[in-house]
Amino acid sequence: MNPDEAKFILSAYRAQGRDAGDPAFSEALELADADPNLGRWLQQQQAFDAVVSEKVARFTPPSGLRESILAGARIGIRKVWWRQPRALAIAACIAILSAVSPLIWRAAVSVEGNTLSEYAMNYASRPFVLMEHSQDISQLKAWLVSHNAPEPVNLPGELARLKGIGCKTLKYQGKKISLVCFDRNGTEYHLFIARHSDFPDLAATLQMRSHGKWGSVSWGDAEHQYVLVSAAGPDAVRSLLL
Amino acid sequence: MAVAKDAFTGLVDAYYASLYRFAYSLSRSETDAGDLTQQTFYIWATKGHTLHDVAKAKSWLFTTLHREFLRTRRRDQRWTFIEDLPVAQTEIPAEEIDQLRQLDGAAVMSALASVDEIFRAPLTLFYLENFSYLEIAETLGIPPGTVMSRLSRGKTQLRNLLAVAEAKPNIVPFDASHTRRKQQP
């Protein structure tokens, strides 16, 4: 073994002697003991590794992630409605699995769909985390605008009067789209918004879809294509547009 | 009233931060990292009971997150293979390590997330969780020798990226207009 081969192997050697008992490193370590240059290189490498490890450990997850994980998973485990509405607010827009059949859930494993409606239904039926939380729709719109994402404008019917839960940006077929989540008496509705300029082939006409208990309705205006989905079912979704 | 932690909560508390960092380094997006982390724990909640050896939960979680990332990432993203990148053979001056200590965690994480994808996953597991090369091989499903190669080459790339990050704070914009005003009588 020459020093270069030893360096190659010792790049995988962890600090504080964690791998000291692994025979894969023994020959390279012996060479580092005998060769001052290689020994110095190993010391420098370990110092570099220690600082990088310490630094990345300080990178903290967003607030609310832990609560979202716990709430989302418990819904899945118990198959009952989440019992703490306040925690649900923190874990906003976690999929309502109690209302979704196992068949739907398996279908949702593949998030990408052939259409924006399929994508929206798949995405909304699995756990996800919102980037901005507010009941105030104008605040959610401002956040989306500041992130160069499509904002909801001229929403029809009761949808325009609902309280918000939160919003986030997503990538669909490489283009930025928005998701705004609404609350209607404890039931969540998820509005996906895409720019027509990004998806010129999307039909702007009103279209209804259903998959199990999930329902979606899509429509368009001059600038945007919208897809509204909910586990409350197609009738409930449609009624929001009236 | 205090509520006793269940096993699942304990598992989340133990690993969600590390899994999020791993997810962030893979996806380079806070949103996707949050979703991936949550999805991983959801899969555990629904399928984890099939894992008979609970001691392997950590490895299972990281493997599952990595698989979820590979499955959900866009099809038009491609692996980057840079086989001619040199292995980590050059010495690291003490000044370089001192400069590295001045960087904050977000800057180092950003540099790590900028490493080519093929090297990023093994490097992140090495630095985040102190995974051994054998654990990395098992988690990512690649041969141990390949892990060594990717760690060595990935460290070279990370050093280069960190050097750029270290240089940035020293670049102070030159305000020419302010100087001209001061020169006027």
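From first to last, the protein sequence lines stand for chains A and B.
So for the first sequence, our numbering puts the first residue at 1; every next one is plus one.
So for the second sequence, our numbering puts the first residue at 243; every next one is plus one.
All residues carry an ideal CB built from backbone N, CA and C; glycine is no exception.
Proximity of A:Leu70 to chain B, defined by a Cβ-Cβ separation below 8 Å, is satisfied.
Taking each of A:Leu206, A:Gly233, A:Ala231, A:Ala34 in turn and checking the Cα distance to A:His224, the smallest one comes out for A:Leu206. Beyond the five residues adjoining it in sequence on each side, B:Glu371 comes within less than 7 Å, by CB distance, of Ser260 in the same chain, given in chain order. Beyond the five residues adjoining it in sequence on each side, A:Asp49 comes within less than 8 Å, by CB distance, of Arg14, Ala15 in the same chain, given in chain order.
For A:Leu179, the enclosing beta strand (DSSP E) starts and ends at 175-184. Within chain B, no residue has its beta carbon less than 8 Å from that of A:Arg195; the closest one is some 18 Å off. Taking 8 Å as the threshold, the shortest C-beta distance from A:Lys168 to chain B falls below it. B:Gln399 sits in a helix when the DSSP states are folded into three classes.
The stretch 340-347 of chain B and the stretch 355-363 of chain B do not touch, with fewer than 3 CB-CB distances between them shorter than 8 Å.
When 8 Å is used as the limit between beta carbons, B:Leu354 is near these residues of chain A: Val52, Val56, in chain order. Partner residues in the beta bridge of A:Gln225, as assigned by DSSP, are A:Ala194, A:Gly220. When the alpha-carbon of A:Leu10 is set against those of B:Ala407, B:Gly387, B:Ala336, the nearest one is in B:Gly387. Of the residues assessed, A:Val145 falls on the exposed side of the cut-off, its CB having fewer than 16 other CB atoms within 10 angstroms.
Within chain B, the C-beta atoms nearer than 7 Å to that of A:Asp19 come from Ser374, in chain order. Chain-order list of chain A residues neighbouring B:Val254: Arg66, Ile69, Leu70, Ala73, by C-beta distance under 9 Å. Residue burial annotation: A:Met1 is exposed, with fewer than 16 other C-beta atoms found within 10 angstroms of its C-beta. Beta-bridge partners assigned by DSSP to A:Trp41: none are found. The bridge partners DSSP lists for A:Arg209 are A:Ser216. At least 8 Å separates the beta-carbon of B:Gly276 from that of A:Arg58.
Identification of chain A residues near B:Tyr257 by a Cβ-Cβ cut-off of 7 Å yields none; the smallest Cβ-Cβ distance measures about 10 Å. Judged by DSSP in its simplified three-state form, B:Thr288 adopts helix.
Rounded to the nearest angstrom, the Cβ distance from A:Met131 to A:Trp214 is 23 Å, too far for a contact under 8 Å. Around the C-beta of B:Pro335, fewer than 16 other C-beta atoms lie within 10 Å, and the residue is accordingly described as exposed. Per DSSP, reduced to three states, the secondary structure at B:Tyr257 is helical. No Cβ-Cβ contact shorter than 8 Å links A:Pro150 with A:Lys141. For A:Thr115, the closest Cβ of chain B is not nearer than 8 Å.
Rounded to the nearest whole angstrom, the CA to CA distance from B:Pro385 to B:Ala379 is 6 Å. Going by DSSP, A:Lys168 is part of the beta strand (DSSP E) stretching over 163-172. Under the Cβ distance rule, B:Gly276 counts among the residues neighbouring chain A, one pair being separated by less than 8 Å. Close CB contacts of B:Thr305 within its chain, under the 7 Å cut and outside five residues either way in sequence, are with Thr381 (chain order).
Within chain B, no C-beta atom comes less than 7 Å from the C-beta of A:Ser63; the nearest is roughly 11 Å away. With the criterion set as a beta carbon lying under 9 Å from some beta carbon of chain B, the members of the stretch 34-49 of chain A are Asn37, Arg40, Trp41, Gln44, Gln45, Ala47, Phe48, Asp49, in sequence order.
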